[in-house]
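For the sequence shown, our numbering assigns the number 60 to the initial residue and increments by one for each residue that follows. Beta carbons are placed, not taken as given, at the ideal position from N, Cα and C, and that holds for glycine. Keep in mind it's a predicted model, so treat the numbers as computed, not measured.
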Amino acid sequence: MGLCCSANERQHAEQVDDSQNQLLQNNQQQWYGIEKGIAMMMQQVTALAGASSNIDLLTLEAEIRKAKAEGRTVTISNGCVYFDYQLVSRIPPDTSFSA
């Protein structure tokens with residue numbers, strides 16, 4: 060005795076398979092996004108731990124001027140100084156600094 064499927068059942072089975080494949084792909088992409096986010100956070104924490112906070116403000120200002128003259132991107136955000144998106148230093152919270 061053999062198995063016989065009608066065209067509608069085959070079509071339905073193919074649709075179910077396609078739906079399952081799409082769900083698997085979406086879950087893998089979401090997992091990759093989460094892994095990437097965690098990796099970026101860990102990199103930032105490592106950089107913050109390694110950045111010096113005892114830098115002389117005059118030296119920091121000179122380094123910022125030099126970086127700007129070299130055409131590098133200088134960003135000061137949340138008390139952190141970045142050159143070309145790499146953390147260079149932290150500015151102490153009780154210090155007012157304008158470059």
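Checklist entry - If we ignore side chains and look at the alpha-carbon of each, how far apart do Val-133 and Leu-119 end up? => result 12 Å
Next on the checklist: Using a Cβ-Cβ cutoff of less than 7 Å, which residues in the same chain neighbour Asn-80 once the five nearest sequence positions on both sides are dropped?
Outcome noted: none
Item to check | Met-60 to Gly-96 span [Cα, whole Å] | outcome: Caution applies to Met-60, whose pLDDT of 48 falls short of 50 and renders its modelled position unreliable; the value that the coordinates give is listed next. Cα to Cα, Met-60 sits roughly 55 Å from Gly-96.
Item to check | Pairwise C-alpha distance: Asn-137 and Arg-149 | outcome: 9 Å
Item to check | Separation of Ile-93 from Glu-73, as counted between CA atoms | outcome: 31 Å
Checklist entry - Once you ignore the five residues that flank Phe-156 on each side, which residues in its own chain have a CB closer than 7 Å to its CB? => result Excluding positions up to five away in sequence, the list reads Leu-116, Ile-150.
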